[in-house]
Structures are given as structure tokens and as C-alpha cells.
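This report refers to the structure that appears directly beneath it.
Below you can see the structure in the form of C-alpha cells.
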């Protein structure tokens, strides 16, 4: 605005016009004097006519120039008024913004703050360096970000600063270079206070950690007898998930093992799987028959969730009962990835023979029984494992899994996973569960 005022203050046109009037008056008085002292009247009239036609265009030009300058002055005054309104509007937005707004110069010194900053951080910031606000100066990236902004970049980041009571304030901020006359002349920082959001996230993380511990605690510990050895591995995609596996000794020579995968991920899937988990021990040991176990789980899932929610909830499962006396395996696969039964260097697939549980109100599953050789191995897994082995097609993943299991049948689930997942390169798209059951013939003493 000061530049505009200097431009509009030019008065040379008015001075020129005044000089022209004085000059014309001087010429007129001089001619009048000469006329009185004996100048020829005809010569005087000719000279006056010539002077008129010579000076008239010059006078008109000066008048037009003056009028143009006047209009320009009025326009610039209007522009100044408009700029003052814009400046006032911008100042109002800056000062009454709900976000924290700070202006710093190229040295990092705070030159201007809005009222929100004063309320949260105090009223003694002007003149101090912004690094004094940082809660962790040694680990903060804001100093590095400041250098990037001075190079003309806009930076989005997060940090922790101190409030006026020295308490931590978590912020998300955007740093914007202020460009004046083609060069960077300071930085504007707009920050959002996310302290409450951060506290909620920390509380949620604590709850998730507790939920993770609880879910891990209900997974069955390895079961080792003279006839069977059962153990498993569980890798959730999001701390907790919808995978679950259990195994129980039903009687002296029968063992039941179940693996399941609830639709979805995270907390909702974990709640469903924990609800199902509460039924399993009593159900498997008491009911025994695979058909009745699967029918009961289906009825529970459908009644508990699909009767009370608009969205469809279901889970896949594979339940198998190994009889080490009769040396056979009875199983039902309810929409689950096929299990692998390894016997004498040959792997047989236990393919799906039932719909997933919870979709239909009533189902009529059929159990299949296969003979077991002494010894045999049963491997159960969820689709998260197959996706990590080969994400293109389940068929290729199952074949790769068969080859790895046959070549490394002596390894436990942890050792097999290290081979299958390429030394720990795990995609976090889905939960991974893997169960191995080694079966030998029951020998009664």
C-alpha cells in the first residue's frame, strides 16, 4: 500500500498546467504592453492568432493528461481501500482461526501469532525462536522441515510442542513459504491440535494390546502324547484378528482339532471368533461327532449375529477328529482352504464339502472319513498363508505348500513358516494361522 501511495502522489501534471497558465499570462501582458507602446495592430492580431493555435493543442494535451492522472489517482485510492478491506479480512481469518497460526522469519524467529496460539502456548512467543516450542528438540524433524520450506517447498508433518504450562501438545501442521517480490520472506505455519485424538489412539492401542494378549492366551498350547503332537502358529494382520484354532483330547484315542477364519479383519472379526471360541471346548469334548459340532456352530453363528444385524456374518472352518486306535480321520470342511494329509510321501487335499457357517439358518453337512497310515501328518491353515505363498491363485499356493511340506516334513510349524514366508517377508493383508498334527497308532499298554 505504501508503494501505491508513492505512485499516486505525483503532482507533476498539475505543476505543468500551472506553469502553462503563468506563461500564457506573461505573453499576454507583454503583448499588451508592446501594443500600448506603438506596436502595429495588424501584426498584434496575427501574432495573437498564431499563438492561440500553437498553444491550444498544448493546453488541451495538458488538460487531458491532468484528467487521466486524476482518474488514475481515484482508481488507486479505490484499490487501496479494497486492499485494506482484504487485509482486514485476512487478519480476521488469521486471528480468529481455530487452528494455531504462526509466522516466523527466515531465521526462525516468531514474528506473529493468532489468538489461538496465545490461548494454548502463551503470550510471550513473539521474538523467540520456534525451536523453543519443540518438546523433543533432539528427535524433532521440524528444524529439517524448516530448511526445506525456505527452499520453496510446502511441508506437511507432525510434532509435539509445549503449551504454556509445559505440557505436551500433539500437532499436525503445514508449513508454507511466504513469497514477497519473488523471494521467500518467512514461513507461515498452520497447525491442528490433535492431542485429544492422540490420547484416544493411545488408549485404543492399550486396549488392543490387552485384547491381543487375551486372544493369544486362548489359543491352545502344544499337545504332546505318545500318539499325537499338535502345535500351531498365529500371525494376526492387525494385532488381533478373526483366525482361531483349538484342539482337545476327546478320549483315550480320539483327538479333535478345528481351525476357523471369520470374515473380515481386526476387532470385529476378533469379537466373533472369541464368541465362537467360548463354545468350542465343551462342544468338541461333549458332542464329539463332527456333523453335530458343525451344525451347532452354524446355528450359533446365524442366531447370534445374522438375526440381529443387517450385514452378513460368517466364518469358514475345518474340523477333524483323528482316531489313533482305528487309524482314521473324520473331517468336515466348511468353505475353508483344503487341509493337507501327508502319508508316505504323498499329500492328500481335504477339500471343502460344506458351505461356510452362519450364512444359512440350517445346513446338512456330511462328514468324510479317510484311513490313516502310521505315521501321518495333518496340516491346517487359513487363506492368509496361501496369499503370502502365492497371491495370484490358490491352486499354485497349495501346490507350493505341498512341495514344501513333503520336502521338510520333519520341521515344526515355525520352521515351515520360515521357509514358506521367505525368511519373514509377511504381507499384512490377512491373518495367518498354521496347525500341524503328527499322528501315530495308538498302542494300548
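Numbering (this note's numbering), first residue to last: 1 to 445.
The beta-carbon is built from N, C-alpha and C at its ideal position, and this holds for glycine as well.
What would DSSP say about residue 274, mapped onto helix, strand or coil? For the purposes of this step, residue 274 is taken as the residue at position 274 of the chain shown. Helix, per DSSP.
Under the three-state reduction of DSSP, which class applies to residue 4: helix, strand or coil? Start at 1 with the first residue of the chain shown, and residue 4 comes out as number 4. With a pLDDT of only 39 at residue 4, under the threshold of 50, the placement of this residue in the model should not be trusted, and no figure is reported.
Cutoff 6 Å; reference residue 170; Cβ partners in own chain excluding five residues on either side: In the chain shown, residue 170 corresponds to position 170, counting from 1. The answer, listed in chain order, is 160, 194, 195 and 198.
Tell me the DSSP secondary structure of residue 296 in three-state form. Counting from 1 along the chain shown, the entry for residue 296 is found at position 296. Helix at residue 296.
Buried/exposed call for residue 227, threshold 16 Cβ in 10 Å: Within the chain shown, residue 227 is the residue found at index 227, counting from 1. Burial call: buried.
Below 8 Å on the Cβ atoms is my guess for residue 317 versus residue 334; work out the distance and round it to an integer in Å. Within the chain shown, residue 317 is the residue found at index 317, counting from 1. Within the chain shown, residue 334 is the residue found at index 334, counting from 1. Yes, residue 317 and residue 334 are in contact; Cβ-Cβ is about 5 Å, under 8 Å.
Which residues mark the beginning and the end of the beta strand (DSSP E) in which residue 255 is found? For the purposes of this step, residue 255 is taken as residue 255 along the chain shown, with counting starting at 1. 254-262 is the span of the beta strand (DSSP E), which, as asked, contains residue 255.
CB contact flag (residue 270, residue 232, <8 Å): Translated into the one-based positions of the chain shown, residue 270 becomes position 270. Translated into the one-based positions of the chain shown, residue 232 becomes position 232. Taking 8 Å as the Cβ cut-off, residue 270 and residue 232 do not qualify as a contacting pair.
Sort out for me which residues DSSP pairs residue 192 with in a bridge. Against the chain shown, residue 192 aligns to sequence position 192. Paired residue(s): 172.
Beta strand (DSSP E) containing residue 245: first to last residue? Taking the first residue of the chain shown as 1, we reach residue 245 at position 245. 243-249 is the extent of the beta strand (DSSP E) around residue 245.
Can you tell which of 237, 361 and 178 has its C-alpha closest to the C-alpha of residue 111? On the chain shown, position 111 is the one that residue 111 refers to. With distances taken between Cα atoms, residue 111 lies closest to 178.
Pick helix, strand or coil for residue 436, following the three-state DSSP scheme. Numbered from its first residue, the chain shown carries residue 436 at position 436. Reduced to three states, the DSSP call for residue 436 is strand.
How big is the Cα-Cα spacing for residue 434 and residue 293? Stepping through the chain shown from its first residue, residue 434 is reached at position 434. Stepping through the chain shown from its first residue, residue 293 is reached at position 293. Cα to Cα, the separation comes out at about 21 Å.
What residue ranges within the region 97-122 form continuous beta strand (DSSP E) runs of no fewer than 3 residues, ordered along the chain? 100-104 and 110-113
Residue nearest to residue 363 in terms of C-alpha spacing, selected from 302, 338 and 123: Indexing the chain shown from 1 puts residue 363 at position 363. Ranking 302, 338 and 123 by Cα distance to residue 363 puts 302 first.
Hey, is the region 211-222 in contact with the region 140-157, meaning 3+ C-beta pairs nearer than 8 Å? no
Residue 330 and residue 442 closer than 8 Å at C-beta: What you label residue 330 is simply residue 330 of the chain shown in a count that begins at 1. What you label residue 442 is simply residue 442 of the chain shown in a count that begins at 1. Contact: no.
Reduced DSSP category for residue 355 - H, G, I as helix; E, B as strand; rest coil: As a first step, residue 355 is located in the chain shown; it is residue number 355 there, counting from the start. Residue 355: coil per DSSP, three-state reduction.
Between the Cα of residue 299 and those of 131, 234, 358 and 382, spot the shortest distance and give me the residue it belongs to. Start at 1 with the first residue of the chain shown, and residue 299 comes out as number 299. Selected option, being the one with the closest Cα: 358.
Below 8 Å on the Cβ atoms is my contact criterion, and I expect residue 315 with residue 261 to pass it. Report the Cβ-Cβ distance as a whole number of Å. Within the chain shown, residue 315 is the residue found at index 315, counting from 1. Within the chain shown, residue 261 is the residue found at index 261, counting from 1. With 8 Å as the limit, residue 315 and residue 261 qualify as a contact, their Cβ atoms being about 6 Å apart.
Per DSSP, what kind of secondary structure is residue 204 in: helix, strand or coil? Taking the chain shown and counting its residues from 1, the one referred to as residue 204 is at position 204. Helix, per DSSP.
Which residues bound the alpha helix (DSSP H) around residue 144? The residue labelled residue 144 in the question sits at position 144 within the chain shown. Run containing residue 144: 142-150, per the alpha helix (DSSP H) assignment.
Residue 322 (DSSP reduced to helix, strand or coil): Numbered from its first residue, the chain shown carries residue 322 at position 322. Here residue 322 sits in strand by DSSP.
If you count every other CB in all the chains shown that lies within 10 Å of the CB of residue 181, and 16 or more means buried, which is it? Residue mapping note: residue 181 aligns to position 181 of the chain shown, counting from 1. Looking at its Cβ environment, which holds fewer than 16 other Cβ atoms inside 10 Å, residue 181 is exposed.
On the three-state DSSP scale, how would you describe residue 182? Translated into the one-based positions of the chain shown, residue 182 becomes position 182. Here residue 182 sits in coil by DSSP.
Could you compute how far the alpha carbon of residue 289 sits from the alpha carbon of residue 203? On the chain shown, residue 289 is found 289 positions in, with the first residue counted as 1. On the chain shown, residue 203 is found 203 positions in, with the first residue counted as 1. The straight-line gap from Cα to Cα measures roughly 44 Å.
Quick check on DSSP: helix, strand or coil for residue 451? With the chain covering 1 to 445 only, the question about residue 451 has no answer from this structure.
Have a look at 164, 152 and 156 and flag the residue whose alpha-carbon is nearest the alpha-carbon of residue 172. Translated into positions along the chain shown, residue 172 becomes position 172. Checking every option, the nearest Cα to that of residue 172 belongs to 156.
Three-way DSSP call (helix, strand, coil) for residue 231 in this model: Along the chain shown, one-based indexing puts residue 231 at 231. If DSSP states are grouped into helix, strand and coil, residue 231 belongs with the strands.
Compute the Euclidean distance between the alpha carbons of residue 431 and residue 132, then round it to the nearest angstrom. For this step, residue 431 is matched to residue 431 along the chain shown. For this step, residue 132 is matched to residue 132 along the chain shown. Cα to Cα, the separation comes out at about 45 Å.
Alpha-carbon to alpha-carbon, residue 229 and residue 438: Taking the first residue of the chain shown as 1, we reach residue 438 at position 438. Taking the first residue of the chain shown as 1, we reach residue 229 at position 229. Roughly 5 Å between the two C-alpha positions.
Assign residue 436 to buried or exposed, taking buried as 16 or more other Cβ atoms, counted over all protein chains shown, within 10 Å of its Cβ. Taking the first residue of the chain shown as 1, we reach residue 436 at position 436. By the 10 Å Cβ count, residue 436 comes out buried.
How long is the line joining the alpha carbons of residue 67 and residue 123, rounded to whole angstroms? Reading the chain shown from its first residue, position 67 is the one you call residue 67. Reading the chain shown from its first residue, position 123 is the one you call residue 123. The alpha-carbon atoms of residue 67 and residue 123 are separated by roughly 51 Å.
In its own chain, which residues sit with a C-beta less than 8 Å from the C-beta of residue 281, not counting the 5 before and 5 after it? The residue you call residue 281 lines up with position 281 of the chain shown. The residues are 246 and 248.
Give the secondary structure of residue 376 by DSSP, where H, G and I count as helix, E and B as strand, and everything else as coil. Here residue 376 refers to the residue found at position 376 when the chain shown is read from its first residue. Residue 376: strand per DSSP, three-state reduction.
Would residue 328 and residue 369 be called neighbours here (beta carbons separated by less than 8 Å)? Along the chain shown, read from residue 1 onward, the residue named residue 328 stands at position 328. Along the chain shown, read from residue 1 onward, the residue named residue 369 stands at position 369. Against a cut-off of 8 Å, the Cβ pair of residue 369 and residue 328 comes out as a contact.
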